[in-house]
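Chemist:
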Amino acid sequence: MNTETPEASIEVPSSQEKAVCPFSDCDIPIDVVFQSSDGVMIGGHLQLFSTYSEGFPSSDVAQAPDPNSEPVPLPGEDSTTLKLLFKLMHKRRHADCHLEARQIGEILNLAEAAEKYFVFHLMEICRFLIVVKERTWKGSTNAVKVLAYATKNNYWDIVDTAAPGTVGCPPTEFKNLSVQLELAWFRYRQKWLDIAEFALTQPQYINAKKKIHECNGSIAYFAHTFADLPRTASAALDLLVKGLLPGVYYDRHSEYIENCSTCRDLVAVWKSGIRAKVAAIPTFKQFYV
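Residue numbering for the sequence shown is 1147 to 1435, as defined by our numbering.
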């Protein structure tokens, strides 16, 4: 009769058998398993979490891992984000992560995870990358995500950069964000709408006899200029933010007023008035806090 004790007396769940450390050459034992929002099992190390994060239980307070325990669900992060987060918490070179080449959406997901789990070195790396990648998100719908991330974490320099580029976005982009952010955005956007309305309204020069100045040149200039412009203030927001109002759009047909100093002065005052109004818009922070 065979009385030998079997070598493996504890059956490890299949979910944890699949869990591996995202750093391929890592020789640290896996002592905790997480499940991402897309169902992927990812192995981690309490020792590294204790060193590099304040958002996970430290190795000295965590209980010994139970091989039969269920993985810890992290429903807020997908596997791509978690693997990158855990990988960058190893004491290794990470040139193969190519953070500089990743899409802004991936960087934002990593940034949100770093903020959530207090991975301080990654918080600053992600903040820096978002600033560096400004041209990839400014003026796009990603600007709304950047604005939400920056306001939540008090990165007001990024807020100031992102906010103008969001005023042309549809309001529905803010529906799933915080009420505080949505209300602040509507108030901030209204400032831009008021200026856009002013930019689409023909100015008038009233002379000493209290008569409106009008000449053939001004009639032609304003007719051609307004024919090129959007019909509504909301449609003009993008041009206003980019500086095309009162930029190139108001200069295209200036030949019609080159012989009338009154018209030239009128247009110059109109343009400078628009720029002054834009410069006077309060920072987004003043609407948010």
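The beta carbon of each residue, even a glycine, is placed where N, CA and C say it ideally should be. Every value quoted in this text rests on a predicted model; they were computed, and no experiment measured them.
Pull the bridge partners of V1278 from the DSSP assignment, please.
Modeler: As a first step, residue 1278 is located in the sequence shown; it is residue number 132 there, counting from the start. None, per the DSSP bridge assignment.
Chemist: How many Å lie between W1331 and V1313 at the Cα?
Modeler: On the sequence shown, position 185 is the one that residue 1331 refers to. On the sequence shown, position 167 is the one that residue 1313 refers to. Looking at the two C-alpha atoms, the distance is approximately 8 Å.
Chemist: Contact check, T1307 vs K1284 under 8 Å by CB: the rounded distance?
Modeler: Numbered from 1 along the sequence shown, position 161 holds the residue referred to as residue 1307. Numbered from 1 along the sequence shown, position 138 holds the residue referred to as residue 1284. That belief holds up - the Cβ atoms of T1307 and K1284 are roughly 7 Å apart, short of 8 Å.
Chemist: Below 6 Å CB to CB, which residues in the same chain sit around S1199 once its five sequence neighbours on both sides are set aside?
Modeler: If you number the sequence shown from 1, residue 1199 lands on position 53. Same-chain partners within the cutoff: Y1263, F1264, V1265.
Chemist: For the alpha helix (DSSP H) that V1325 lies in, which residues bound it at each end?
Modeler: As a working mapping, residue 1325 is identified with position 179 in the sequence shown. Element bounds for V1325: 1325 to 1345.
Chemist: Which residues bound the beta strand (DSSP E) around Q1181?
Modeler: Taking the sequence shown and counting its residues from 1, the one referred to as residue 1181 is at position 35. Element bounds for Q1181: 1178 to 1181.
Chemist: When you compare the CB positions of D1374 and Y1395, do they come within less than 8 Å of one another, or not?
Modeler: Here the question's residue 1374 lines up with position 228 in the sequence shown. Here the question's residue 1395 lines up with position 249 in the sequence shown. Against a cut-off of 8 Å, the Cβ pair of Y1395 and D1374 comes out as a contact.
Chemist: Are the CB atoms of Y1295 and E1132 within a distance shorter than 8 Å?
Modeler: A query on residue 1132 cannot be resolved here, the shown segment of the chain reaching from 1147 to 1435 and no further.
Chemist: Which one or two residues does DSSP pair with P1219 in a beta bridge?
Modeler: Position 73 of the sequence shown, counting from 1, holds the residue named residue 1219. Partner(s): Q1181.
Chemist: Which partner residues of M1187 appear in the DSSP bridge assignment?
Modeler: Position 41 of the sequence shown, counted from the first residue, corresponds to residue 1187. DSSP, once it has assigned bridges, lists Q1181 as partnering M1187.
Chemist: Going along the chain, which unbroken runs of the alpha helix (DSSP H) with 4 or more residues stay wholly within the segment 1363 to 1398?
Modeler: Runs found: 1379 to 1387, 1394 to 1397.
Chemist: What first and last residue would you give for the alpha helix (DSSP H) that runs through F1195?
Modeler: By 1-based counting over the sequence shown, the position of residue 1195 is 49. From DSSP, the alpha helix (DSSP H) with F1195 extends over 1192 to 1198.
Chemist: Measuring alpha carbon to alpha carbon, tell me which of G1363, V1290, T1347 ends up nearest K1321.
Modeler: For the purposes of this step, residue 1321 is taken as residue 175 along the sequence shown, with counting starting at 1. Nearest option by C-alpha distance: V1290.
Chemist: Report the rounded CA-to-CA distance for A1165 versus Q1193, giving the unit in angstroms.
Modeler: Translated into positions along the sequence shown, residue 1165 becomes position 19. Translated into positions along the sequence shown, residue 1193 becomes position 47. Distance between the alpha carbons of A1165 and Q1193: 17 Å.
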